[in-house]
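Oh and the sequence shown: position 171 is 170 in numbering that gives the first Met the number 0, straight run, nothing missing. Glycine is no exception: its CB is placed at the ideal position from the N, C-alpha and C atoms.
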Amino acid sequence: MTTKSSLTIPTAQLSCEQCQQRKTKCSKTVPCAACVKAGISCTAVQRHRLPRGRSRAQRRGTSTVHALTDRIARLEAVVAQYQQNGSSDHDASNQPQSHPERQVGSAIKPIESFIASDFWVELSDAVAGLRHVLEDDVDGELGGEGDSTPASATISPDASSLLLGTGPHIARLNEGPGPETRDWLMAVYKERVDVIFKPLHWPTVLLQILSVKGQRSLEIEALESAILFTAACSLFKHELRGTDVSVEYLLQRVEAALVEVGLLTTTSILVLQAFVIYLAGLRVIRAKAQQWTLTAVAIRLANAQGIPHRLKPAFDGEIQRRLWFCIGVLDLQCSFDRGSQPLLRSDDFPSWPLNINDHELSPEHAPSPSRPLDAQYTEMSLSSIIYRAGICQRRLTEIGLSAASSNVTVDPIIVHRQQHSVLSEFEHSVLQLSSLLDHSGSSIQKFTLAVANESLVAMRLLIRRPLYRSGNGSNPHGANVDGDFDLLSTATSVLESSQMKRTQIEFAPWAWFSWVKWYALAIVLAELCTARGPEADRAWEVAQKSFDDYAEAAAMETNRKVNAQGENHTREAWSNGI
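Set out below in structure tokens:
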């Protein structure tokens, strides 16, 4: 039989398939350093080097034909050699056996009559090389001289890893917290997260999560991981002492689950819910820049599922609506944190989620009618007032921005009246809620009332001092449109309300949802540069305490600019005698 060296054409060790797909540098070892670092399998590639450079396009046709001809000839030679050996063995076996003692030996065929292992090696190399040549030829026809995109429509897990920041050592889904810790975190989520941030219908999700482990889908596994992670983020450090809960581990676990379930190409509402819940927890423990970027991904994924303009009917449509408004809250929060404009406009929210309790919503029945805010306190009341505050802020901002972008000078009185009309609608909602609640209710009802009142004061401040530039005369700073509006007192009230929520023990379970009131603090510090008297002294004390409280958050990378501006205002106010 022909020796192996006569059949083997020298091959080169090339970049592995994973590095080619990820477009990363490959060390060309087995396994390569890049795959080891990423924690993924490495598929080595050994074949002839293909023509590269300027001559590639000219030589492609000739080199491809030659390569195909060469490999086909090799295959034919291997098959011919095998047939020749097989026929000679067959002829030898047909010869008469004259000696009986040789008949025993004839039962054992010579080793050459079997297919040697080298045959399979040679055949595999030839076929593998042929496949690479064919694939390269097809890629060249589709993509020209440049690098081609893989034909597979599935997203590489490494793209999701890059997006989410998952490290090389990914936590496995079957290594979650123990049963007791899991049940505790589920209860924490219901008490601290679900009452204020509701992308879910909790009874339905709880039933799916509590199903038998082996019968659950990857989507449910990802959703449970996100719930446990965000529940842990809502806890204080002293509450985590003495437990086996690691927020960092739960973070890796949920990111691994989102990667495994195919986040970037998903059409599953469960995966999108898991991602949104993950973003809510991520905002608590990470710099705001990451959440600001990933929120845009959530918006795209929701749009791909027909949200918000092609909602499904009944129960499914209501869940989509809840989820969309939660994405809107994240969009507004992260844009406020970074001083940028939100991605979503007020007209991107065509209808409100129903103000009803979870037990009134079921996949088997039509939803109950939505209740007015002053009819009954429901599990959606707090979320409803937060949604209305968000839409009010968007509309107030859009009026100012539309006036700024207009080529015609706009009367500031007209702009102010339009904004006041929007504010009146939100004020009516707050009054409805206030007529239903008082300070003798439950902790969550008191917290709802505090959030509503603080939001109303903040909206009044927003009219007088817009977040964004409002040109062409639309800014009513110089016009006496507010009468005796006290800017310093209003901004101070926003800071005092925020401090009150942070210091009251009964509001502690929902402290994770708060954010830095840098906007009101900047206004107070700016006004203190010229203000004098007892009111200025009170405002200075409040501003000083707020600045100290916000110092750690404002020192983060995403808020360095805000922190520097705040320090400049503080020094200027101090130099003016405050």
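Where do the ends of the alpha helix (DSSP H) carrying residue i lie?
i	result
arginine 46	No alpha helix (DSSP H) holds arginine 46; the beta strand (DSSP E) holding it covers 44-46.
glutamine 582	What is shown of the chain runs 0 to 577, which leaves residue 582 out entirely.
leucine 250	246-259
glutamate 359	Run containing glutamate 359: none; DSSP gives neither H nor E here.
glutamine 207	201-208
methionine 499	486-502
proline 411	411-435
methionine 185	178-187
tyrosine 277	268-284
cysteine 41	No alpha helix (DSSP H) contains cysteine 41, which DSSP labels as neither H nor E.
threonine 294	287-303
glycine 611	Past the edges of the chain, shown from 0 to 577, lies residue 611, and the structure says nothing about it.
leucine 222	217-232
leucine 17	Going by the sequence as given, residue 17 is glutamine instead of leucine. From DSSP, the alpha helix (DSSP H) with glutamine 17 extends over 16-21.
valine 35	32-37
glutamate 238	236-239
Should residue i go down as buried or exposed, given a rule of 16 or more other Cβ atoms within 10 Å for buried?
i	result
aspartate 193	buried
lysine 22	exposed
threonine 502	exposed
aspartate 347	buried
histidine 415	buried
serine 589	There is simply no residue 589 to check, as the chain begins at 0 and stops at 577 in what is shown.
glutamate 254	buried
serine 105	Because serine 105 carries a pLDDT of 41, less than 50, the predicted location of this residue cannot be relied on, and the following value inherits that uncertainty. Exposed.
threonine 396	buried
glutamine 375	exposed
alanine 616	Because the chain spans 0 through 577 in this model, residue 616 falls outside it and cannot be assessed.
lysine 24	exposed
glycine 177	exposed
phenylalanine 235	exposed
glutamate 317	buried
serine 578	In the structure displayed, the chain extends from 0 to 577; residue 578 sits before or after that span and is not available.
isoleucine 287	Sequence inspection shows lysine at residue 287; the isoleucine mentioned does not correspond to that position. It counts as buried.
alanine 37	buried
glycine 241	exposed
alanine 301	buried
Pull up the CB-CB distance for residue i and residue j, whole angstroms please, since I reckon it's below 8 angstroms.
i	j	result
isoleucine 326	valine 275	6 angstroms
aspartate 357	tryptophan 201	5 angstroms
serine 545	lysine 516	7 angstroms
alanine 303	threonine 266	7 angstroms
leucine 249	alanine 273	13 angstroms between Cβ atoms; not a contact.
isoleucine 462	leucine 486	Rounded, the Cβ-Cβ distance is 11 angstroms, inconsistent with contact.
arginine 459	leucine 430	That belief does not hold up - the Cβ atoms of arginine 459 and leucine 430 are roughly 14 angstroms apart, past 8 angstroms.
proline 217	valine 260	Residue identity differs from the one stated: residue 217 is leucine in this sequence, not proline. Between valine 260 and leucine 217 the Cβ distance is about 5 angstroms, and since that is below 8 angstroms, they are a contact.
isoleucine 298	leucine 343	7 angstroms
leucine 527	alanine 538	6 angstroms
Once you ignore the five residues that flank residue i on each side, which residues in its own chain have a CB closer than 6 angstroms to its CB?
i	result
alanine 43	Cys15, Val29
phenylalanine 506	Phe446, Lys500
alanine 388	Ser454
Give every residue of the same chain whose Cβ lies closer than 7 angstroms to the Cβ of residue i, excluding the five residues on either side of it in the sequence, and list them in chain order.
i	result
serine 434	Asp373
histidine 438	Lys445
glutamine 17	Cys34, Ile39, Cys41, Thr42
phenylalanine 578	Residue 578 lies beyond the stretch modelled for the chain, which goes from 0 to 577, so this question has no answer here.
isoleucine 219	Gln207, Ile208, Leu269
tyrosine 467	Gln340, Thr396, Gly399, Leu400
threonine 377	Asn354, Ile355, Asn356, Arg370
Can you tell me where the beta strand (DSSP E) holding residue i begins and where it ends?
i	result
alanine 530	No beta strand (DSSP E) contains alanine 530, which DSSP labels as neither H nor E.
glutamine 12	11-13
Roughly how many whole angstroms lie between the Cα atoms of residue i and residue j?
i	j	result
leucine 520	arginine 191	27 angstroms
proline 366	lysine 311	13 angstroms
serine 513	alanine 550	15 angstroms
aspartate 410	threonine 264	48 angstroms
leucine 293	glutamine 392	22 angstroms
arginine 370	alanine 295	32 angstroms
arginine 309	serine 361	20 angstroms
proline 508	valine 246	17 angstroms
glutamine 289	aspartate 336	12 angstroms
threonine 180	leucine 262	27 angstroms
glycine 305	leucine 329	19 angstroms
leucine 278	histidine 419	33 angstroms
glutamine 340	alanine 490	21 angstroms
serine 496	valine 244	32 angstroms
arginine 464	cysteine 333	20 angstroms
glutamate 426	serine 488	19 angstroms
leucine 13	serine 224	39 angstroms
serine 210	isoleucine 412	60 angstroms
alanine 525	tryptophan 291	27 angstroms
For residue i, collect the residues of the same chain with a Cβ closer than 8 angstroms to its Cβ; drop the 5 residues on either side in sequence, then sort them by chain order.
i	result
tyrosine 188	Ile226, Leu227, Thr229, Ala230, Ser233
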